[in-house]
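Report on the following structure.
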Amino acid sequence: MLTRTERLRCIAYMEAVWCDNAHGMGVLARSIPGERHLPELLAELGEAIVQTMVTTSFGIHDGLGPEQLLAASDRMKNDTSARYTAVLTEALNVWSRTATGPAVEDMARIVMACLVQSDPSFTENDVESLLEQMRAGAEAIEEP
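With the working numbering as the guide, the letters of the sequence shown map in order to residues 573 to 716.
Laid out in structure tokens, this is it:
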């Protein structure tokens, strides 16, 4: 699970990519000893976004009874789109192991595309607002 700091780093990097801020991208892409590499963080953030959207689309949420949860999980497991989505998020994870330079920018763009595609009313014009909402959510996360 991403820490608040890791989540904020991803958001800042995505914003730097969106704004074509080469200096910001360079600074945020560097990892210091003990930090996880940015591509790994982006892949984890992308997977979290996709998992939230997929489970929500099948009506899976806190408070479901055991039978309801089982039925919704079965519908999700039997859905071709949900299975393909799992494969594609795994591809993002595999890609994160070797991504450098422009490939990291591409990963950030894919995660931003996941955000935009999470609601049919969103467009690329909503990216800055969505990143701001993510930033506010990340800042609310309590770290140990």
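In this text, a Cβ means the ideal position worked out from N, Cα and C, and glycines have one as well.
- In this structure, the straight-line span from the alpha carbon of PRO674 to that of CYS591 is close to 15 Å.
- Nearest to MET586 by C-alpha distance, out of ILE632, ARG608, GLY618 and SER690, is GLY618.
- For ASP698, the secondary structure class from DSSP, reduced to helix, strand or coil, is helix.
- Close CB contacts of ILE632 within its chain, under the 8 Å cut and outside five residues either way in sequence, are with LEU641, ALA644, SER645 and MET648 (chain order).
- Going by C-alpha positions, MET706 is about 7 Å away from ILE583.
- In the same chain as PHE694, and ignoring 5 residues on each side of it, the C-beta atoms closer than 8 Å to its own belong to LEU687, VAL688 and LEU702, in chain order.
- Each residue's CA atom was taken as its position, placing THR657 and HIS595 some 33 Å apart.
- Per the C-alpha coordinates, the member of ASP691, MET679, GLU662 and GLU704 positioned closest to MET625 is ASP691.
- Nearest neighbour of LEU613 by Cα position, chosen from ALA588, ASP634, LEU580 and GLY598, turns out to be LEU580.
- Excluding sequence positions up to five before and after ARG608, its CB lies within less than 7 Å of the CB of GLU578, all in the same chain and listed in chain order.
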